[in-house]
Amino acid sequence: MSPLSMTPAVESPALPAQAVRAALGPVIESAVAPAAADVDRRGMFPRQGIDALAAAGVLGLLSAVEVGGSGGTLADVADVVERLAGVCGSTAMVVLMHYAATSVVEAHGPEEVRRAIARGSHLSTLAFSETGSRSHFWAPAGSAVPVGDHVRLSAAKSWVTSAGEADSYVWSSKPASEPGPMSLWLVPADTSGVEIGSPFDGFGLRGNASRPITANTADVPATSRLGADGTGLDTALAIALPTFLVGSAAFSLGVMEALLTEATAHLHATRLEHLGQTLAEQPPNRSALARLRIRADAVRALLDDTLTAVRTGRPDTTLRLLELKALAGETVADIADNVLQLCGGAAFRKELAIERQFRDALAVRVMAPTTTALEDFIGRLTLGQPLFAQPQ
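Residue numbering for the sequence shown follows my numbering, starting at 339 and increasing by one per position.
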């Protein structure tokens, strides 16, 4: 179990979401930002930062007030994730996946886990993507076989954020007995038969403990099911996916803003002595920066409109959510590439954050649902077709 699971339960008045957001800045400054470069370089889980965020009420942001949480909204999620992503992508992704899992636990999970999340002593995450389905999380290959009053889970999860660090996994499988594409389960991290794969040593988001997990005849109580058997896809699409899509776009925005801040500082600070000008005084550089600024602002405008659609229940809400991650994911990758070019050789030095932000930008773009899948969904909605292809 992670250190969070051993945190003594402290019953205290819930902090409103506004207070949590206000407390975030000092935590970022004191605990998250100082460790960001080391987290990336060593590929280590940002435990100190997560513990500090938990103590500040950040993990309980989406928990209901009645269980001790802050009762936050998707707008609160977007603000927190964007600000974290601007300094440490790995920490931001851990928190984002915790929020996506929490949204499901809040709807269908046991009260004791909901209260633990609310007080910051329980970290959760999603375990959807599988080796056999790749980015098609809506088509799980793993099984759930009833064995008395338990269910036996078997699966090969390809990548799970916070693997080996979280206290629980919101786990997808084929239904145990009812028709339908998917069921969801709350699987404690210490469940016998759940095995964590090798540590991640990859390109970007190096500190979010994204690792494979296998379940080899892992038994959980039948009461661990989150919602009715066979209805897990409905839960994922209606509850977990909106949280992830909004949070993912906010993540991308945080990285974009950080990259633009770095680029602006570089253009002001770098002087061409033979011309007697800084890079900021040259029109081509100003134009290049302006184009990036416009693209980032377009993503922010779509995020704001999407949050309004969610809040008001607009008919185009699903379309906006799908468009949001597609636009944000492609835009952040393009902005990162252009900032590297704009800042030249300085951007490639590891003492600057640009190189790390570039890698994180590309890593988040490939998280399911990928842009290709999202474009297919958007095309289906535009054409009035079913979101998922019907079995032949």
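We put the CB at the ideal spot given by N, CA and C, even for glycine.
Because the structure is a prediction, the values reported are computed rather than measured.
- Query: Is the segment 560-578 close to the segment 608-623, with three or more CB pairs under 8 Å?
  - Reply: no
- Task: Just the C-alpha distance for P484 and S401, rounded to the nearest angstrom, thanks.
- Result: 31 Å
- Boundaries (first-last residue) of the beta strand (DSSP E) holding G551: In the sequence as displayed, the identity of residue 551 is Ile instead of Gly. 549-559 is the span of the beta strand (DSSP E), which, as asked, contains I551.
- Item | Inter-residue spacing [alpha-carbon to alpha-carbon] between G409 and L397 | 11 Å
- Query: Which word fits K688, buried or exposed, when buried means at least 16 other C-beta atoms lie within 10 angstroms of its C-beta?
  - Reply: Burial call: exposed.
- Task: Could you check which residue in E420, T440, S496 has the C-alpha nearest to that of F538?
- Result: S496
- Message: I'd like to check one pair, E595 with A634: are the Cβ atoms closer than 8 Å?
- Response: yes
- Query: Quick one: is R549 buried, meaning 16 or more other Cβ sit within 10 Å of its Cβ, or exposed?
  - Reply: buried
- Can you name the start and end residues of the beta strand (DSSP E) that P526 belongs to? Annotation for P526: the continuous beta strand (DSSP E) segment containing it runs 521-526.
- How far does the alpha helix (DSSP H) with K663 in it reach, from first residue to last? 655-681
- Just curious, the alpha helix (DSSP H) that H446 is in, first and last residue? 427-446
- Based on Cα-Cα distance, which residue from L678, H474, V418, E668 lies nearest to V370? V418
- If you check the beta carbons only, do M431 and L464 fall under 8 Å apart? no
- Put E533 into one of helix, strand or coil per three-state DSSP. Three-state result, E533: strand.
- Query: Is N546 buried or exposed, if buried means 16 or more other CB atoms sit within 10 Å of its CB?
  - Reply: buried
- Using 8 Å as the Cβ pair cut-off and three pairs as the minimum, do the segment 651-665 and the segment 555-565 touch? no
- Query: Three-state secondary structure (DSSP) at S368?
  - Reply: helix
- Shortest alpha-carbon distance to G535 belongs to which of R609, E503, A454? E503
- DSSP puts S590 in a beta bridge; with which residues? S590 pairs with nothing; no bridge assigned.
- Message: Using 8 Å for Cβ pairs, my map puts L412 next to T581. What's the rounded Cβ distance?
- Response: 7 Å
- Quick one: grab the DSSP three-state call for P622. Secondary structure of P622 (DSSP, three-state): helix.
- Item | Per DSSP, cross-strand counterpart(s) of K495 | E468, I551
- For A347, which of helix, strand or coil comes out of DSSP? For A347, the pLDDT reaches just 35, beneath the cut-off of 50, and the residue's location in the model is therefore unreliable, leaving the point undetermined.
- Roughly how many angstroms separate the alpha carbons of V526 and D698, rounded to a whole number? Per the sequence shown, the amino acid found at residue 526 is Pro instead of Val. Their backbone Cα atoms lie some 29 Å apart in a straight line.
- Item | Simplified DSSP assignment, three categories, for H606 | helix
- Message: Can you tell me where the alpha helix (DSSP H) holding A393 begins and where it ends?
- Response: 385-393
- Can the beta-carbon of A456 be found closer than 8 Å to that of V415? No, these two residues do not count as a Cβ contact at 8 Å.
- Where do the N-terminal and C-terminal ends of the beta strand (DSSP E) with V508 fall, by residue? 506-511
- Query: What three-state label does DSSP hand Q356 in the structure shown?
  - Reply: helix
- Item | 8 Å Cβ shell around G470 - same chain, five flanking residues per side excluded | A479, A494
- Query: Does DSSP put R380 in a helix, a strand or coil?
  - Reply: Looking at R380 - three-state DSSP - the assignment turns out to be helix.
- Query: Shortest alpha-carbon distance to T708 belongs to which of E420, A666, R609?
  - Reply: A666
- Message: Is the separation between the beta-carbon of L391 and that of A355 shorter than 8 Å?
- Response: In this structure, L391 keeps its C-beta atom at 8 Å or more from the C-beta atom of A355.
- Could you say which of R544, A706, T552, L680 lies nearest to M382 if we only look at CA atoms? R544
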